[in-house]
Structure formats: structure tokens, C-alpha cells
Amino acid sequence: MKKLYNTAAHKGYLLCHTCHLLSKAATHVHSIHCPRCGTRLHSRKPNSLSRTWALTLTAYILYIPANLLPIMTVTMSGKGEPDTIFSGVKELVLGGMWPLALLIFFASITVPVLKLLILTYLLLSVQFKSSWRPKERTILYRITETVGRWSMIDIFVIAILVALVKLGALATIEAGAGAVAFGGVVVITMFAAMSFDPRLIWDALENDHE
Ligand SMILES: [Zn+2]
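Read in my numbering, the sequence shown has 100 at position 88, and its numbers run on one by one without any break.
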């Protein structure tokens, strides 16, 4: 038997996204505004599912050039080869720079992939109206939202390296097209996580009446 939950939406409560004031909607009117700050209120983010799907798929597609194209080229005394994320990590390991290699690996391979996989799982579970462990799925969503910002470490590292090396004339580092694609993956995944409405997870647990 399905356990029944009472959600705020079911009882006619709406949360303001801007100031987090919970207000009660009298009837199912279409345009309701927050009495405190005037933001338009929605019981669920409009088109959350299709928007999140579109953004997640875009991020997956961009992840391919992000890994195949060189993320940067380091030229030292005239010699240099373009590096992809993976070859960069390999070189750092060979150079004995383990902590940096691990950081880059974690930030540019583990985190973005995990985040996309979790988002895909959440999307599928909502799409198929799963009622399995809604609380854990909500926690999973919160982790995804928090952890995503750390992927930017990679872009920071390149930016700092480029800035540092531009100061000295011995070596040059140039960011490659892969860095642009990777930045796109990170930003688009962030938007995907933002457009996903975790409250949708709870909709499948409600009574069958609409
Ligand atoms: Zn408000």
C-alpha cells in the first residue's frame, strides 16, 4: 500500500522563491503574487521537467568536446602540446603532482559526471512517478545543488595559471576550446539543477485525485 503524504501544494500553500514566505492560495487562480515581495508564485516551477531534461541533455553533449578538445596548451621554451583534461591529469601524475591531479580529476571528471547522472536519475524517477524513498531523493538533489559549484575549480586553475604565466615570459599557457566547452557543461548543469523542482518528487506520493 502506498503511504499517503500531505504536501503543501495539496493543501493550497505556495512558497515564494524570493523571500520564502509561505502563503495560502484561496482557490486555484492562475496568477498569484507574494503578499510580501510581489514575486509571482507557482505551486511547482513551470515546465520544470522539460526544461531540466533539455539542459541536462545539452550538458551531456557538451561534455564530449570538453573531454576531446584540448583544455589548455602549455608551451615551455618553444615546445608544447595541447592537453585534454585526461592527458593533463596523466601528466600531473607523471610529474608527481598527486594532490593537484586528484583535485583536477575530482573536479572535472567525477563531479560533473556524478551530477549529470544524479539529475538524470531524479528526472526519470519523477517522469515515471516513482514513490520510492522521496526523502533520500530530496537529499540527493540538495547534494547535487551544493556540490556543483566545486566543478568551477578547474576553470579557476586554468585562469590562475594563465594569469601567472602571462607575467613571466618563460612559458605560455593558452586556454583551449575544451575549456570553453567544459565551462559550458558546468554552467548548464548548474542551470539544470536550478530548474529542477524537487517538490515534484513528492507529487507521486499524493492521493490520486488531481
Ligand atoms: Zn515573497
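Glycine included, each C-beta is placed from N, C-alpha and C at the ideal position.
Using only alpha-carbon positions, find the residue among the options that is nearest to residue i.
i	options	result
L69	V198, L34, M109 and D215	V198
A204	Y72, R52 and G24	Y72
T51	T122, T30, L34 and A66	T30
M206	I44, T122 and S60	S60
T158	T64, L135 and V123	V123
H45	G100, Y25 and K127	Y25
H32	A189, P47, G90 and F140	P47
A191	L80, K141 and M202	L80
L217	K141, T201 and L126	K141
L136	L53, W65 and P94	W65
G195	I121, Y153, I151 and R154	I121
Check whether the Cβ of residue i sits closer than 6 Å to any heavy atom of ligand 1, and report yes or no.
i	result
R48	yes
L69	no
L27	no
L34	no
T201	no
T30	yes
T156	no
T184	no
T51	yes
Can you check DSSP and say which residues form a bridge with residue i?
i	result
T184	T87
S35	L26
I44	L53
Complete runs of the beta strand (DSSP E) confined to the stretch 58-114 [at least 3 residues]: 84-88 and 91-95
Touch test, the stretch 109-116 against the stretch 200-214, Cβ-Cβ under 8 Å, three pairs minimum: no
The stretch 183-198 / the stretch 77-92 touching (three or more Cβ pairs under 8 Å): yes
Segment contact, 8 Å Cβ cut-off, at least three pairs: the stretch 135-147 with the stretch 73-82: no
Runs of alpha helix (DSSP H) wholly within the stretch 113-154 (minimum 4 residues, chain order): 123-139
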